[in-house]
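Some notes on the structure that comes next.
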Amino acid sequence: RRSRTEPLTLEERLELVLQQGARKSFLPGVEMLLLKMNILFVSFFVPVLPYGMIGVLVTLAARIIQGKTGLVKMAFVRRRAFAEADRTMRETMRAFTVALAVAIPAFSVMLSTITYNEWLYLWGGDLAGPLKDFWYGAHIWTGTSRFLCYKACIGWMVFCAMAYVTSHQPAFSRSRAVMVFIVFPLIW
6 RRSRTEPLTL EERLELVLQQ GARKSFLPGV EMLLLKMNIL FVSFFVPVLP
56 YGMIGVLVTL AARIIQGKTG LVKMAFVRRR AFAEADRTMR ETMRAFTVAL
106 AVAIPAFSVM LSTITYNEWL YLWGGDLAGP LKDFWYGAHI WTGTSRFLCY
156 KACIGWMVFC AMAYVTSHQP AFSRSRAVMV FIVFPLIW
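For the numbering used here, add 5 to where a residue sits in the sequence shown, where the first one is 1.
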């Protein structure tokens with residue numbers, strides 16, 4: 006039996022290399038995706054959970070444990086990845102964080118006005134809104150404030166999603182112009 010200070014023989018080195026080749030590769034992008042999905046889950050579903058703060062603490066503890074085991078997974082279980090530039094991952098994480106920060110208030114307003122509002126059916130006078138309904142394009146506009154509130158919140162979230170999708174583009178690019186001037190009015 007050899008000690009830990011002795012150098013590895015050629016056969017032992019080859020065996021370690023072959024073991025590395027047989028393992029699945031460690032993908033940092035997949036780990037970032039898991040982190041983003043966890044943040045998304047906590048951000049949007051904690052207000053709905055009955056014990057919201059406890060859910061946040063449990064999810065935080067689970068994420069800390071998952072982060073610690075991710076280091077072990079990277080070092081011993083998966084094949085080591087070659088060093089690459091992390092600029093795109095950092096930019097997408099920044100864009101994701103900004104999009105999430107501006108989408109959460111709209112989601113919270115919609116959640117408060119739709120789910121937790123006991124007098125929602127009284128908004129606008131009667132159940133159907135005013136009798137002067139008319140068609141605007143393919144959409145019905147009833148003229149009540151609740152529909153304006155819903156459309157504004159949904160429009161804000163769609164606009165944030167479009168800004169996130171085109172976040173790698175320059176500020177005044179063709180894809181952003183198409184999203185803002187063609188797709189957004191169709192959704193509105």
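Backbone N, C-alpha and C fix where the C-beta goes; we use that ideal spot for every residue, glycine too.
Residue j beta carbon less than 7 Å from that of residue i
i: Ala111; j: Cys158; result: yes
i: Ser48; j: Leu105; result: yes
i: Gly75; j: Glu36; result: yes
i: Val51; j: Val63; result: no
i: Gln25; j: Arg84; result: yes
i: Met184; j: Met162; result: no
C-alpha distance - residue i paired with residue j, whole-angstrom precision
i: Phe101; j: Arg28; result: 31 Å
i: Ala80; j: Ser30; result: 11 Å
i: Lys156; j: Thr97; result: 27 Å
i: Met94; j: Glu123; result: 43 Å
i: Thr120; j: Cys165; result: 22 Å
i: Ser180; j: Val170; result: 10 Å
i: Glu89; j: Leu32; result: 11 Å
i: Leu39; j: Ala67; result: 12 Å
i: Val77; j: Ser117; result: 42 Å
i: Ile44; j: Gly160; result: 22 Å
i: Val114; j: Val53; result: 13 Å
Run of the alpha helix (DSSP H) containing residue i, from where it starts to where it stops
i: Pro12; result: Unbroken run through Pro12: none, as it is neither H nor E.
i: Ala111; result: Arg92 to Met115
Residue i (DSSP reduced to helix, strand or coil)
i: Gln24; result: helix
i: Ser48; result: helix
i: Ser180; result: helix
i: Arg83; result: coil
i: Glu17; result: helix
Should the region 13-21 be called in touch with the region 65-85, which here means at least 3 C-beta pairs below 8 Å?
-> no
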